[in-house]
Amino acid sequence: MLKTGILNPQINSLLSRVRHTNTLVIADRGFPFWPMIETVDISLVDDVPSVLAVLRALRPNFQIGKAWMAQEFLKQNSAKTCSAFAETLRGIELTYEPHVDFKKRVPHAIGLIRTGDTTQYANIILESA
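For what it's worth, our numbering labels the leading residue of the sequence shown as 6, then goes sequentially.
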């Protein structure tokens with residue numbers, strides 16, 4: 006039985022299939038459903054869990070080489086929120102792009118983790134190193 010780290014069996018299964026340069030999406034509660042992508046929905050109530058909480062939980066055991074977020078995230082959120090994401094992604098190449106371009110990357114992902122986050126444009130695509 007797992008006692009530490011990611012305890013969710015569906016997330017563990019998904020992570021075990023992400024290989025070098027594959028991508029994984031962590032999305033907020035309003036992100037569109039993509040029928041062709043395995044989705045692990047862990048939303049419970051508003052903001053539980055958050056994209057940032059999931060990202061922080063993944064960091065210790067998931068090597069991230071690159072990350073993408075929507076440019077709109079920077080405009081729609083406070084400096085404190087933007088700083089929290091930047092701090093969590095410290096040392097990782099982070100690209101901000103228009104949300105419409107961001108969504109074009111999604112179909113190529115191995116999977117998507119849907120959270121209960123209500124933060125505007127908090128979605129993130131992670132590329133494994």
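Glycine included, each C-beta is placed from N, C-alpha and C at the ideal position.
For residue 46, same chain residues with a beta-carbon under 7 Å away, outside a window of 5 residues either side, are 119 in chain order.
Under the Cβ criterion (8 Å, minimum of three pairs), the stretch 13 to 32 counts as touching the stretch 105 to 122. Closest in C-alpha terms to residue 39, from the list 12, 110, 122 and 125, comes 110.
DSSP, read as helix, strand or coil, puts residue 16 in helix. Inclusion of residue 74 and residue 11 in the CB contact set at 8 Å is not warranted, their separation being larger than that value.
In the DSSP assignment, the residues bridged to residue 74 are 101.
Taking the Cβ atoms as the reference, residue 56 lies roughly 4 Å from residue 127, within the contact range of under 8 Å. DSSP places residue 127 outside both helix and strand once states are collapsed to three, so it counts as coil. With a threshold of 16 other beta carbon atoms within 10 Å, residue 91 falls short and is exposed.
Counted as a single uninterrupted DSSP element, the beta strand (DSSP E) harbouring residue 117 occupies residues 116 to 119. Under a 10 Å Cβ-count criterion, residue 122 is classified as buried, with 16 or more other Cβ atoms of the shown protein chains found around its own Cβ.
Annotation: residue 124 to residue 54 spans about 11 Å, alpha carbon to alpha carbon. Collapsing the DSSP output to three states places residue 93 in a helix.
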